Ligand code: FAD
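Residue numbers (the numbering used here): 5 to 414.
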């Protein structure tokens, strides 16, 4: 039985791993090594309520600063890890300290993908992953009149909504032909394009960025087609890169993230990995992929802790995600890749509907719910159960969502 467990990273997955280890009865030493200089906090509000100024830092933190010690967790936010010595079973911090482990959990998350073009280092060009970055963006938004957002993914669109609420003029520049192209189906993309347009956002799709312009700070965005967009502030939201270099250097197998098995285990029996830095198998869909979500971080952390403790693994849930933009809550259960039928339940114009994504056999692969928590919760269960249901039943609002669940065939 392990006596000392080291967790690299001090974010969502690391916090859950520490919590779950204690819940499964681990009473040895837990050392959590972070590199952000701050105790673990939630990231989702950084592009939502926190950026808007509606909640304080204290609400983001997973625990009060003194609670870590009381829970017997040696949480060290200034102890970035430089490398892992698997043979000696120790990690070496950037300051050269060596810390021995019986089991190691890598929960290093991901970092923003950076853009490289002329003037891409100008002041006023922001990225959004950390609390410090959210604070810097917020400070600039509060002074600015206009923002250009490069990338129409969830982070870009959430920031667009906040910037509009703060009264800025907002332009979103996207290379793909539609917003959320990597993560959502065309129906949902169209819905969000219309939603943002109705709030006055200028959405420019099929647009390639060429360079930024400005003297001491950014003043405009130059597009490949020659157009120029004036902007006091820029946010670049073009995706993330998993932090798996220390794992690669240590000989842990990584293919676009750290490869983990169904227990969040790596190719080293003493080392686990969880959260954004991993590449996992999704049995429900028969594919391996990286998931970038709170649910994934929590689920994998629980799996790792259970396996270390020899406990029954937690029941897996459908992958799920949410996004808040204006007064719209999008909740997504499952993955719609491979779906051939996209059945709308409800009225899109009412801002309250769900899209059920089915394959040719009427099996529900995913559900996107807009302001429809019932459809999301029941849809999530149906996806997990690989349930089948006829499209005309889904779209029939005379059948309640509970009745609909009862009519599904597993
Ligand atoms: P993180 O929470 O990023 O934690 C990893 C930590 O490890 C970081 O502190 C990092 O600095 C540290 N680290 C890295 N390398 C080292 C090292 N060598 N040594 C020590 N420490 C290291 N998900 C949702 O499901 N819904 C949402 O609405 C949503 N909104 C989001 C909004 C924003 C602005 C962002 C940035 C993310 C959002 N996410 C959302 C994604 C979600 O927050 C992440 O999937 C989740 O935080 C992943 O947890 P993690 O522990 O893997 O990584």
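Backbone N, C-alpha and C define an ideal beta-carbon position, used for all residues, glycine too. Predicted model only: the values in this text are computed from it and were never measured.
| said: If you follow the beta strand (DSSP E) that residue 33 is in, where does it begin and where does it stop? | reply: Counting from 1 along the chain shown, the entry for residue 33 is found at position 29. Segment 33-37, the beta strand (DSSP E) holding residue 33.
| Residue environment, residue 316, which counts as buried when at least 16 other CB atoms sit within 10 Å | On the chain shown, residue 316 is found 312 positions in, with the first residue counted as 1. Result: exposed.
| query | Under three-state DSSP, which class holds residue 284? | reply | Working through the chain shown from its first residue, we reach residue 284 at position 280. Here residue 284 sits in strand by DSSP.
| task | For the alpha helix (DSSP H) holding residue 388, just list the boundary residues, first then last. | result | Counting from 1 along the chain shown, the entry for residue 388 is found at position 384. Start and end: 377-388.
| Where residue 375 and residue 86 are concerned, what is the direct C-alpha to C-alpha distance, given to the nearest angstrom? | Start at 1 with the first residue of the chain shown, and residue 375 comes out as number 371. Start at 1 with the first residue of the chain shown, and residue 86 comes out as number 82. The alpha-carbon atoms of residue 375 and residue 86 are separated by roughly 44 Å.
| Beta-bridge partners of residue 45, as assigned by DSSP | On the chain shown, residue 45 is found 41 positions in, with the first residue counted as 1. As DSSP reads the structure, residue 45 sits in a beta bridge with 65.
| said: Can you look up residue 357 in the DSSP assignment and give me helix, strand or coil? | reply: Numbered from 1 along the chain shown, position 353 holds the residue referred to as residue 357. DSSP, reduced to helix, strand and coil, places residue 357 within a strand of the structure shown.
| Residues near residue 296 in its chain [Cβ-Cβ closer than 8 Å; skip 5 each side] | By one-based count along the chain shown, residue 296 stands at place 292. Residues 114, 244, 280 of the same chain have their beta carbon placed closer than 8 Å to that of residue 296, with the five preceding and five following residues left out of the count.
| field | One or two residues paired with residue 372 in a DSSP bridge | value | Along the chain shown, read from residue 1 onward, the residue named residue 372 stands at position 368. According to DSSP, residue 372 shares a beta bridge with 336, 359.
| query | Can the beta-carbon of residue 154 be found less than 7 Å from the beta-carbon of residue 177? | reply | Against the chain shown, residue 154 aligns to sequence position 150. Against the chain shown, residue 177 aligns to sequence position 173. Yes.
| Between which two residues does the beta strand (DSSP E) carrying residue 276 extend? | Along the chain shown, one-based indexing puts residue 276 at 272. Per DSSP, residue 276 belongs to the beta strand (DSSP E) from 275-277.
| message | Please determine whether the Cβ atom of residue 37 lies at a distance below 6 Å from any heavy atom of ligand 1. | response | Locating residue 37 in the chain shown gives position 33, counting from the first residue. In terms of side-chain proximity, the C-beta atom of residue 37 is found nearer than 6 Å to a non-hydrogen atom of ligand 1.
| Close-in-space but distant-in-sequence residues of the same chain around residue 210 (CB under 6 Å, 5 per side omitted) | Numbered from 1 along the chain shown, position 206 holds the residue referred to as residue 210. Short of 6 Å from the beta carbon of residue 210, and not among the five residues preceding or following it, lie these beta carbons of its own chain, in chain order: 181.
| request: Have a look at residue 292 and residue 341 and give me their C-alpha separation to the nearest angstrom. | output: Counting from 1 along the chain shown, the entry for residue 292 is found at position 288. Counting from 1 along the chain shown, the entry for residue 341 is found at position 337. Computed Cα separation, rounded: 13 Å.
| request: Could you round the C-beta distance between residue 319 and residue 24 to whole angstroms and report it? I think they count as a contact, below 8 Å. | output: Translated into the one-based positions of the chain shown, residue 319 becomes position 315. Translated into the one-based positions of the chain shown, residue 24 becomes position 20. Contact annotation, residue 319 with residue 24: C-beta distance approximately 14 Å; criterion of less than 8 Å not satisfied.
| field | Rounded distance between the beta-carbons of residue 227 and residue 214, thought under 8 Å | value | The residue you call residue 214 lines up with position 210 of the chain shown. The residue you call residue 227 lines up with position 223 of the chain shown. That pair is a contact at about 6 Å.
| said: With a threshold of 7 Å on Cβ separation, who are the neighbours of residue 129 within its own chain once the five nearest residues in sequence on each side are excluded? | reply: One-based indexing of the chain shown puts residue 129 at position 125. Counting only Cβ-Cβ distances below 7 Å, and skipping sequence neighbours, we find 216, 222, 238, 240.
| Nearest-angstrom Cα distance between residue 164 and residue 152? | By one-based count along the chain shown, residue 164 stands at place 160. By one-based count along the chain shown, residue 152 stands at place 148. If you take the alpha carbons of residue 164 and residue 152, they lie about 9 Å apart.
| said: Helix, strand or coil for residue 145? Go by DSSP, reduced to three states. | reply: Along the chain shown, one-based indexing puts residue 145 at 141. Here residue 145 carries a helix assignment [DSSP, helix/strand/coil].
| For residue 280, is the beta carbon positioned less than 6 Å from some heavy atom of ligand 1? | Locating residue 280 in the chain shown gives position 276, where the first residue counts as 1. Taking 6 Å as the cut-off, the C-beta of residue 280 counts as close to a heavy atom of ligand 1.
| Where residue 202 and residue 195 are concerned, what is the direct C-alpha to C-alpha distance, given to the nearest angstrom? | Indexing the chain shown from 1 puts residue 202 at position 198. Indexing the chain shown from 1 puts residue 195 at position 191. Roughly 11 Å separates the two Cα atoms.
| field | Proximity test, residue 72 beta-carbon vs ligand 1 heavy atom, cut-off 6 Å | value | Taking the first residue of the chain shown as position 1, residue 72 is located at position 68. Incorrect: residue 72 has no Cβ contact closer than 6 Å to ligand 1.
| message | Helix, strand or coil for residue 19? Go by DSSP, reduced to three states. | response | For the purposes of this step, residue 19 is taken as the residue at position 15 of the chain shown. Secondary structure at residue 19: helix, using DSSP grouped into helix, strand and coil.
| said: Would you call the region 350-360 in contact with the region 373-392, where contact means no fewer than 3 C-beta pairs closer than 8 Å? | reply: Taking one beta carbon from each stretch, the region 350-360 and the region 373-392 have 3 or more pairs nearer than 8 Å; the two touch.
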